[in-house]
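Engineer: Count the sequence shown with numbering that gives the first Met the number 0 and you get residues 0 to 165, in order.
First the structure, then my questions, so here it is.
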Amino acid sequence: MNIERLFLLDPYNDTHLEKITSFEEENNMTDKPSDYIKKVRETISKEEYYNPNKNELDEIIFTEKTNKITDCCYIHGVKDIKQCRITPLNINNKNKRRHLPDLAATYALDTLGMEEVFVNVDENDNNMITYLELKGFENLGEDKGNIILLKEKEEKENSQRMISWI
């Protein structure tokens, strides 16, 4: 059974680097996560990168099917203000429904503890814009060739039941 799986990229994992490089080549990408990975390896120790006490986070999240990356996006967040920005990478297949930005937003809200997630989408990627709007993202408009969509953490209602005895 071919199931698409979600992964957090480990910049120190050589297999992840190889898969990302193949993904970049298949999609003729100019924005290359492999460059980011190499920079992280050269400038930040593994302990520092995974330090749970740092305020800023920079992560790459990807989906994989049959051992090949199918989609990828950046997550940049700031823990103290509980906001992050998700930037999907440009891929060749604009007609493909891309679930990853929505999955990444759920990960940021539920796992990373963010309260606001902004997603930058190329203004010409109508499929993704429509999909995210249908998933509850608020369209904030255009900024520098991108449409900014917002998803906020849902407030849980405090509901109590009253039982009255007659």
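Heads up, the beta-carbon is just placed ideally off N, CA and C, and yes, glycines get one too.
(1) Say whether chain D places a C-beta atom closer than 9 Å to the C-beta of Thr129.
(2) With respect to the alpha helix (DSSP H) encompassing Arg40, which residues constitute its N-terminal and C-terminal limits?
(3) Quick test of your reading: Asn138 and Thr86, contact by CB under 8 Å. State the CB separation rounded to the nearest angstrom.
(4) To the nearest whole angstrom, what separates the beta carbons of Lys152 and Leu108, a pair I think is in contact under 8 Å?
(5) If Asn26 sits next to Asn91, beta carbons under 8 Å apart, how far is it from one beta carbon to the other, in whole angstroms?
(6) In this structure, does DSSP put His75 in helix, strand or coil?
(7) Examine the Cβ distances between the stretch 111 to 130 and the stretch 73 to 83 and report whether three or more of them are shorter than 8 Å.
Structural biologist: Straight from the coordinates:
(1) The chain inventory of the structure shown lacks chain D, comprising one protein chain alone.
(2) Unbroken alpha helix (DSSP H) run through Arg40: Pro32 to Thr42.
(3) That belief does not hold up - the Cβ atoms of Asn138 and Thr86 are roughly 16 Å apart, past 8 Å.
(4) 5 Å
(5) 5 Å
(6) strand
(7) yes
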